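Take a look at the structure set out below.
Number of protein chains: 2
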Amino acid sequence: MSKTDSLVYVALGGAGEIGMNMYLYGYGPENKRRWIMADAGVAFPDMDSSPGVDLITADPAFIAERAHALDAIFITHAHEDHVGAIGRLYPQLDAPVYAREFTAEIARGKMEEAGQPTEAVKTVGAWPEQVEVGPFKVGFLPISHSVPESSALVIDTPAGRVFHTGDFKVDPDPQIGEPFDPDLIREVSKDGVLALVCDSTNVFSRHAGRSEAELVGPITEMLRSQPGMVVATTFASNVARLRTLALAGQAAGRSIVVIGRAMHRMISTARKVGLLTDFPDMVDVNDAANLPAENVMVLASGSQGERRAASAQLARGGYGKLEMKEGDTFLFSSKTIPGNEVAVAYIENQLAMLGVDIVDHDGGLYHVSGHANRPDLETMHDLVKPQFLIPMHGEYRHLREHAKLGASKGITPVIAPNGTMVELTGNEPKVVDMIETGRRYVDGSVMIGAMDGIVRDRLRMAMRGILVVNVVLDEKSDLLGDVWVEAKGLFTDMDGQEGALQTQLEEGLTKELTEAKRKLRADDEAVEKLMKQAASNRANRLIGKKPDTIVMINRVED
Amino acid sequence: MSKTDSLVYVALGGAGEIGMNMYLYGYGPENKRRWIMADAGVAFPDMDSSPGVDLITADPAFIAERAHALDAIFITHAHEDHVGAIGRLYPQLDAPVYAREFTAEIARGKMEEAGQPTEAVKTVGAWPEQVEVGPFKVGFLPISHSVPESSALVIDTPAGRVFHTGDFKVDPDPQIGEPFDPDLIREVSKDGVLALVCDSTNVFSRHAGRSEAELVGPITEMLRSQPGMVVATTFASNVARLRTLALAGQAAGRSIVVIGRAMHRMISTARKVGLLTDFPDMVDVNDAANLPAENVMVLASGSQGERRAASAQLARGGYGKLEMKEGDTFLFSSKTIPGNEVAVAYIENQLAMLGVDIVDHDGGLYHVSGHANRPDLETMHDLVKPQFLIPMHGEYRHLREHAKLGASKGITPVIAPNGTMVELTGNEPKVVDMIETGRRYVDGSVMIGAMDGIVRDRLRMAMRGILVVNVVLDEKSDLLGDVWVEAKGLFTDMDGQEGALQTQLEEGLTKELTEAKRKLRADDEAVEKLMKQAASNRANRLIGKKPDTIVMINRVED
Chain A
19 MSKTDSLVYV ALGGAGEIGM NMYLYGYGPE NKRRWIMADA GVAFPDMDSS
69 PGVDLITADP AFIAERAHAL DAIFITHAHE DHVGAIGRLY PQLDAPVYAR
119 EFTAEIARGK MEEAGQPTEA VKTVGAWPEQ VEVGPFKVGF LPISHSVPES
169 SALVIDTPAG RVFHTGDFKV DPDPQIGEPF DPDLIREVSK DGVLALVCDS
219 TNVFSRHAGR SEAELVGPIT EMLRSQPGMV VATTFASNVA RLRTLALAGQ
269 AAGRSIVVIG RAMHRMISTA RKVGLLTDFP DMVDVNDAAN LPAENVMVLA
319 SGSQGERRAA SAQLARGGYG KLEMKEGDTF LFSSKTIPGN EVAVAYIENQ
369 LAMLGVDIVD HDGGLYHVSG HANRPDLETM HDLVKPQFLI PMHGEYRHLR
419 EHAKLGASKG ITPVIAPNGT MVELTGNEPK VVDMIETGRR YVDGSVMIGA
469 MDGIVRDRLR MAMRGILVVN VVLDEKSDLL GDVWVEAKGL FTDMDGQEGA
519 LQTQLEEGLT KELTEAKRKL RADDEAVEKL MKQAASNRAN RLIGKKPDTI
569 VMINRVED
Chain B
19 MSKTDSLVYV ALGGAGEIGM NMYLYGYGPE NKRRWIMADA GVAFPDMDSS
69 PGVDLITADP AFIAERAHAL DAIFITHAHE DHVGAIGRLY PQLDAPVYAR
119 EFTAEIARGK MEEAGQPTEA VKTVGAWPEQ VEVGPFKVGF LPISHSVPES
169 SALVIDTPAG RVFHTGDFKV DPDPQIGEPF DPDLIREVSK DGVLALVCDS
219 TNVFSRHAGR SEAELVGPIT EMLRSQPGMV VATTFASNVA RLRTLALAGQ
269 AAGRSIVVIG RAMHRMISTA RKVGLLTDFP DMVDVNDAAN LPAENVMVLA
319 SGSQGERRAA SAQLARGGYG KLEMKEGDTF LFSSKTIPGN EVAVAYIENQ
369 LAMLGVDIVD HDGGLYHVSG HANRPDLETM HDLVKPQFLI PMHGEYRHLR
419 EHAKLGASKG ITPVIAPNGT MVELTGNEPK VVDMIETGRR YVDGSVMIGA
469 MDGIVRDRLR MAMRGILVVN VVLDEKSDLL GDVWVEAKGL FTDMDGQEGA
519 LQTQLEEGLT KELTEAKRKL RADDEAVEKL MKQAASNRAN RLIGKKPDTI
569 VMINRVED
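As given, the protein sequences belong to chains A and B, one line each in that order. Final position of the first sequence in the working numbering is 576; the numbers increase by one with none missing. Final position of the second sequence in the working numbering is 576; the numbers increase by one with none missing.
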């Protein structure tokens, strides 16, 4: 165990996936390290791997066990995959949460939802303001992204300065909030940066990113040319885009309607902190239904095909009194996140059935990404000129590609997926430990582990269906009545006979149990094993599936 | 009911989705129509809508009820979504199956797998050969696509000629099989085509499609430049691509290895019918493991991220003795089908962890689509100059867009999603009926209906988990012992107590049942209802979920 002071970095989430960002920096001798955390985000469940789950967070166990040594949590920006878990995880972390004003407002909302103290969230000003906690001094350096007040973290430690980008793009005119400022980044980097810990999500995008400002013209033009109502969707948190869309609508002589809770919350939060001063007056959705369609522009949540969101409701038939019809237009001012393609196509097909024309980001006229593309990452490398590069936020392939990019520019990279503890002291970054990481699921009102077997059981039931076998034995272990079988999620009506599966299984299982030795029947475990095997084999013969089976053995006395 | 002869078209599958193509043409008076079918394909299940299911087919009920009037089934080409269901559905259809040689070979394989008579599949030569069945004369007109011997159907009826494209692309040099032949299409269309029934999948792709021949150069060049082993994946049925890849590999001085059952089958079928005469000799996968990596080129099945396919096995660690390592390259000579993005990314990440470089179709150098893009569809419209256009094979949005494209060129279109029966006699296509359509699932060894509730139950169990409540009552309807609860797919260890959920539910349910009136306890239905409600409410309070509940009531006599 190293007794000398050193600086370490370890990701608990976000380095190995896109989503659920959670990064730790530790300083001190190994047995007395002090820690800070950057971000506490969520990821979203899917039927393939996490059915029934509400939200996914990184497993904070490593730092929760050291909560006494966690000095602070810093939230870089207000996206769910950076701030979404703060309320749920706060009880285990129990450290002050620092963020800039807009982000802090959103973080307080998360705390409130989870019944945690909102006053734990402290508002911090932008760089050069710094928060001093333990051996760290941390400043929020404004950087452009697709949500207001996004910040890189400038982390000063006795071992040197770390530049933690958070999510970012290179946008000289992001419409809301501070532009990407090369001079400022050069300035904070001029005395040398030990490590650049850098967003990797768009490393495979070859062309330089474009500015939010480039959208204003095309969107206004498009809105002017449409004969009917236009509904536009984007991420609710992309306040600059909401503003662009609304101002374009206004310029095209349209009344602005906003539908969806998430969008209303983001707009009111941005207004509250003074970031959104020129957003047009909004018209109520039901009043808008009485206006001529060509005078209406609707902003609707649900750009990813979410079933309950406003966009999906419109596609299904209507939202309040508002209905879309032939001649109307639906604009996806957004990118479809991988995994959501089918859900988005579903909505597009429903809209097509209503006769609605769809305009999407194809061609890039109506959407720009919020992340730094490959050439933008090089810009960042060139500005910061760090000694080490740690690619963060990305799947493994993104981290690897970003590391290769850094190496090609003479920067020493280290690929550090979740759990890889890297020491940043010395001439080379050094992997000093591998810690256990994982995922926690918010499931109803409880948290479960991804590896607890609970979700595995759900997937098994979904794939195999289930049988319940009910047995009643008397005190001599003789069967009272027949074995009783219930089935769920299985085809049961063979040869047109309703419940034929159960009937045939009951006959077969009754026979097997009756013919078993009394000694076996006296043993619950043996009975369970016999019934499971018999049920599985017989079901396989009858319907070609081996269902999961629950056996319930009742023993009654005369 | 119309007593005059008329020609009708109706899709049972494929018009409203990409996949499970099944189209019908009928001729005669309504009560005595004769029918032919074009294609009998499958679609593939997913966890979101069809967990546990093996394959999806269109519901053939409408034509199965009229099987005596079904004169023939024509298979346009050997893709799963056109031929995959023929074996499974044959018993209900019981009509001769016609296809060209390669397709017929594949179709016979499907019949064999399903235990159906392979001799029901008849091999037909290409146009101008025609099959005369009932009032129809049908010819297989060679057309380019991504599988050998793809054909359009030229369907002559007393009402006029129908040009049914099947899947196609405009490729003057498809490398294997016949090129797209504008003169031939013009020739068969010159006396007037009543209806063009036309592939719609790529109607949103703006630029003209490219030829398979364009890939040969770039792939060869890429293979020459790679320092290690190269593994390439594509659709197994894309025999021309397999040839292109193999010949490029050979030109680059590499031995050719083929792994994956589907690829071997396609190659041997293509050889058997004389379509693949210059495919290089193959090296066994385990022998290849001993060759220098730079001398090896592997063709592997599983371009869509299928978990059990050869590509996935390589990504997980190895296939036979063959392993990929740092310096090797993996080429996706394929497009990712929407819905498969996450599965493909999973493999890419596993390969990245092995240090393998990934090359994909980004930029279009190493893959071309097998379907006609928007300008290619216009080419087809211009060659055939039909009276009516019926867009087929596509989601609703594709059908609608294709119809708009046709209308813009002065052709009368009709959007006819699955179940829409269109009469093609007269000056306008006329919707004359809406018939019931749907999906059937191959589930283990049985077929189930998509709306039977079986899959809905699986999805519910996956989302909610399940409780089984076991009750034993004596002849006076008094509870013997306590209520017994089992849980699956649920968090049960509240406050660190193993099985706390079951224990607390058992206590609560026992109390409720004991306190219920004897009259209620004497009534199985009432007991079941009470137990279900109590279990649901209590589980919701304890863990925030309302599980599905199965109640089993045992009544025993003293």
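Backbone N, C-alpha and C define an ideal beta-carbon position, used for all residues, glycine too. The model shown is predicted, which means the values in this text are computed figures rather than measured ones.
So with CB distances below 7 Å, who are the chain B contacts of A/Ser463? One-based indexing of the first sequence puts residue 463 of chain A at position 445. Residues of chain B passing the Cβ test: Ile561 and Gly562.
Can you name the start and end residues of the beta strand (DSSP E) that B/Thr141 belongs to? If you number the second sequence from 1, residue 141 of chain B lands on position 123. Segment Val139 to Thr141, the beta strand (DSSP E) holding B/Thr141.
Is there a C-beta anywhere in chain B that falls below 8 Å from the one on A/Val377? Locating residue 377 of chain A in the first sequence gives position 359, counting from the first residue. So no, A/Val377 is outside the interface.
At a CB distance below 7 Å, what residues from the region 342-365 of chain B approach chain A? Give them in sequence order. Pro356, Gly357, Glu359, Val360 and Ala363
Return the first residue and the last residue of the alpha helix (DSSP H) that B/Gly369 is part of. The residue you call residue 369 of chain B lines up with position 351 of the second sequence. Per the sequence shown, the amino acid found at residue 369 of chain B is Leu instead of Gly. Start and end: Glu359 to Met371.
Interface partners of B/Ala552 on chain A, CB under 7 Å: In the second sequence, the residue the question calls residue 552 of chain B occupies position 534. Per Cβ cutoff of 7 Å: no residues; B/Ala552 is ~17 Å from chain A at best.
Which listed residue (A/Thr521, A/Met469, A/Tyr414 and A/Met281) has its alpha carbon closest to that of B/Glu366: In the second sequence, the residue the question calls residue 366 of chain B occupies position 348. Of the candidates A/Thr521, A/Met469, A/Tyr414 and A/Met281, the one whose C-alpha sits nearest the C-alpha of B/Glu366 is A/Tyr414.
Please report the straight-line C-alpha distance between B/Arg106 and A/Glu98, rounded to a whole angstrom. By 1-based counting over the second sequence, the position of residue 106 of chain B is 88. By 1-based counting over the first sequence, the position of residue 98 of chain A is 80. So the alpha carbons of these two residues sit roughly 47 Å apart.
Could you give the distance in angstroms between the alpha-carbon of A/Asn39 and the alpha-carbon of B/Glu504? The sequence position of residue 39 of chain A within the first sequence is 21, counting from 1. The sequence position of residue 504 of chain B within the second sequence is 486, counting from 1. Cα to Cα, A/Asn39 sits roughly 37 Å from B/Glu504.
Cα-Cα separation, A/Ala434 to A/Met452: Within the first sequence, the letter at position 416 stands for residue 434 of chain A. Within the first sequence, the letter at position 434 stands for residue 452 of chain A. Going by the C-alpha atoms only, they are around 10 Å apart.
Proximity test, Cβ basis, 8 Å: A/Ala370 and chain B: In the first sequence, the residue the question calls residue 370 of chain A occupies position 352. Closer than 8 Å to some Cβ of chain B, the Cβ of A/Ala370 qualifies, so yes.
Please identify the residue among A/Leu42, A/Gly70, A/Gln268 and A/Pro63 whose C-alpha is closest to the C-alpha of A/Ile12. No answer is possible for residue 12 of chain A: the residues shown for chain A start at 19 and end at 576.
Return no unless some Cβ of chain A is closer than 8 Å to the Cβ of B/Lys506. Sequence index remark: in the second sequence, residue 506 of chain B carries index 488 (1-based). Answer yes: the Cβ-Cβ gap between B/Lys506 and chain A drops below 8 Å somewhere.
What three-state label does DSSP hand B/Pro236 in the structure shown? Numbered from its first residue, the second sequence carries residue 236 of chain B at position 218. Reduced to three states, the DSSP call for B/Pro236 is helix.
Exposure label - A/Met469; buried when at least 16 CB within 10 Å: As a working note, residue 469 of chain A is residue 451 in the first sequence. The residue in question, A/Met469, is exposed, as its Cβ has fewer than 16 Cβ neighbours within 10 Å.
In chain B, what lies closer than 7 Å to A/Tyr414 by C-beta? Here residue 414 of chain A corresponds to residue number 396 of the first sequence, with the count starting at 1. Chain B residues near A/Tyr414: Asn367, Ala370 and Met371.
Residues sharing a beta bridge with B/Ala318, DSSP: Start at 1 with the first residue of the second sequence, and residue 318 of chain B comes out as number 300. Looking at the DSSP assignment, B/Ala318 forms a beta bridge with B/Thr251 and B/Ile277.
Only counting runs of 3 or more residues, tell me where the beta strand (DSSP E) segments fall wholly within the region 83-156 of chain B, in order along the chain. 88-92, 115-117, 139-141 and 149-151
Please classify A/Met19 as buried or exposed, where buried requires at least 16 neighbouring CB atoms within 10 angstroms. One-based indexing of the first sequence puts residue 19 of chain A at position 1. Because A/Met19 carries a pLDDT of 49, less than 50, the predicted location of this residue cannot be relied on, and the following value inherits that uncertainty. Its Cβ having fewer than 16 others within 10 Å, A/Met19 is exposed.
With burial defined as no fewer than 16 other Cβ atoms inside 10 Å of the residue's Cβ, what is the status of B/Gly428: buried or exposed? Position 410 of the second sequence, counted from the first residue, corresponds to residue 428 of chain B. With fewer than 16 other Cβ atoms within 10 Å, it is exposed.
C-alpha gap between A/Asp191 and A/Gln405, whole angstroms: The residue you call residue 191 of chain A lines up with position 173 of the first sequence. The residue you call residue 405 of chain A lines up with position 387 of the first sequence. Roughly 30 Å separates the two Cα atoms.
Check whether the Cβ of B/Phe62 lies closer than 8 Å to any Cβ atom in chain A. Reading the second sequence from its first residue, position 44 is the one you call residue 62 of chain B. No, its Cβ sits nowhere closer than 8 Å to a Cβ of chain A.
Return the CA-CA distance between B/Ile466 and B/Asp217, expressed in angstroms with no decimal places. Within the second sequence, the letter at position 448 stands for residue 466 of chain B. Within the second sequence, the letter at position 199 stands for residue 217 of chain B. The alpha-carbon atoms of B/Ile466 and B/Asp217 are separated by roughly 29 Å.
Examine chain A for any beta-carbon lying closer than 8 Å to the beta-carbon of B/Pro78, and answer yes or no. Walking along the second sequence from the start, residue 78 of chain B turns up at place 60. For B/Pro78, the answer is no, since every Cβ of chain A falls outside 8 Å of its Cβ.
Segment contact flag, the region 200-208 of chain A with the region 219-233 of chain A, C-beta cutoff 8 Å, min 3 pairs: no
Determine, using beta carbons only, whether B/Ile561 and A/Gly462 come nearer to each other than 8 Å. Start at 1 with the first residue of the second sequence, and residue 561 of chain B comes out as number 543. Start at 1 with the first residue of the first sequence, and residue 462 of chain A comes out as number 444. Their beta carbons are under 8 Å apart, which means B/Ile561 touches A/Gly462 by this criterion.
What are the residues of the region 468-488 of chain A that lie near chain B, defined by any Cβ-Cβ distance shorter than 7 Å? Ile472, Asp475, Arg476, Leu477, Met479, Ala480, Met481, Arg482, Gly483, Ile484, Val486 and Asn488
Residue-chain proximity (A/Leu498, chain B), Cβ-Cβ < 8 Å: By one-based count along the first sequence, residue 498 of chain A stands at place 480. Judged by the 8 Å Cβ criterion, A/Leu498 is in contact with chain B.
Distance CB(B/Ala122)-CB(B/Thr141) smaller than 8 Å: On the second sequence, residue 122 of chain B is found 104 positions in, with the first residue counted as 1. On the second sequence, residue 141 of chain B is found 123 positions in, with the first residue counted as 1. For B/Ala122 and B/Thr141, yes; Cβs fall inside 8 Å.
Where A/Thr510 falls: helix, strand or coil (DSSP): Residue numbering aside, residue 510 of chain A sits at position 492 when the first sequence is read from its first letter. If DSSP states are grouped into helix, strand and coil, A/Thr510 belongs with coil.
Examine the Cβ distances between the region 337-346 of chain B and the region 244-258 of chain B and report whether three or more of them are shorter than 8 Å. yes
Rounded to whole angstroms, what is the Cα-Cα separation between A/Ala421 and A/Val221? Within the first sequence, numbered from 1, the residue matching residue 421 of chain A stands at position 403. Within the first sequence, numbered from 1, the residue matching residue 221 of chain A stands at position 203. When rounded, the distance between both Cα atoms is 10 Å.
B/Asp542 versus A/Leu519 - alpha carbon distance: Residue mapping note: residue 542 of chain B aligns to position 524 of the second sequence, counting from 1. Residue mapping note: residue 519 of chain A aligns to position 501 of the first sequence, counting from 1. Rounded to whole angstroms, B/Asp542 to A/Leu519 spans 22 Å at the Cα level.
Could you pull out every residue in the same chain whose Cβ sits closer than 7 Å to the Cβ of A/Phe186, ignoring the five residues on either side in sequence? One-based indexing of the first sequence puts residue 186 of chain A at position 168. Ile161, Ser162, His163, Ser168, Ala170, Asp217 and Ala390, listed in sequence order.
When you compare the CB positions of A/Ile355 and A/Ala258, do they come within less than 8 Å of one another, or not? Along the first sequence, one-based indexing puts residue 355 of chain A at 337. Along the first sequence, one-based indexing puts residue 258 of chain A at 240. No, they are not a contact pair.
Using only the alpha-carbon positions, how far apart do A/Asn256 and A/Val386 sit? In the first sequence, residue 256 of chain A corresponds to position 238, counting from 1. In the first sequence, residue 386 of chain A corresponds to position 368, counting from 1. Using only the alpha carbons, I get a separation of about 11 Å.
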